[in-house]
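Counting with the numbering used here, you get residues 774 to 871 for the letters of the sequence shown. All residues carry an ideal CB built from backbone N, CA and C; glycine is no exception. Since the model is a prediction, treat every value here as computed from it, not as a measurement. Scroll down for the structure; my scribbles are underneath it.
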Amino acid sequence: MKHFMIEIQYQVSAEQLGETVAEHRAFLQTGYDKGLLLCSGPQNPRVGGIVIARAASLAEIQEFFASDPYQIKQLATYRWVEFEPVKYQEFLKAWISD
């Protein structure tokens with residue numbers, strides 16, 4: 774598996790996201806259910822969000838995020854950073870090495 778940090782950058786103010794926040798979080802839950810996502814949350818200040826994910830390829834994770842309501846409604850852009858976890862907490866070993 775490859776590991777990614779995805780930076781979501783809002784194209785509107787956080788206040789303008791409205792009900793799409795709940796839709797986005799429901800979408801993210803599908804990624805957790807599939808084992809693709811480790812953690813996610815808004816940046817501080819709230820100009821976007823961060824997601825830590827894994828997938829077989831960049832194309833696979835980008836395909837997953839193509840269904841994100843933020844992307845569908847053109848409310849955000851995405852920055853994809855692939856990284857190799859070489860140090861991590863022991864409790865993450867199965868998620869990292871799976």
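Write down every uninterrupted run of the beta strand (DSSP E) in the segment 805 to 849 whose length is 3 residues or greater and which is fully enclosed by it, in chain order. If you keep only unbroken beta strand (DSSP E) runs of at least 3 residues inside the segment 805 to 849, you get 810 to 815, 821 to 828.
With H, G and I counted as helix, E and B as strand and the rest as coil, what does DSSP make of E857? Here residue 857 corresponds to residue number 84 of the sequence shown, with the count starting at 1. It is coil, neither helix nor strand.
Decide if the segment 856 to 864 is in contact with the segment 779 to 794; the criterion is three or more beta carbon pairs, one per stretch, under 8 angstroms apart. With a cut-off of 8 angstroms, the segment 779 to 794 and the segment 856 to 864 do not count as touching, because too few Cβ pairs lie within range.
Cβ-Cβ distance between M774 and R827 below 8 angstroms: Locating residue 774 in the sequence shown gives position 1, where the first residue counts as 1. Locating residue 827 in the sequence shown gives position 54, where the first residue counts as 1. Yes.
Taking C-alpha atoms, which residue in P858, E796, L831, V859 lies nearest to R852? Within the sequence shown, the letter at position 79 stands for residue 852. Just measuring C-alpha positions, the residue of P858, E796, L831, V859 sitting nearest R852 is L831.
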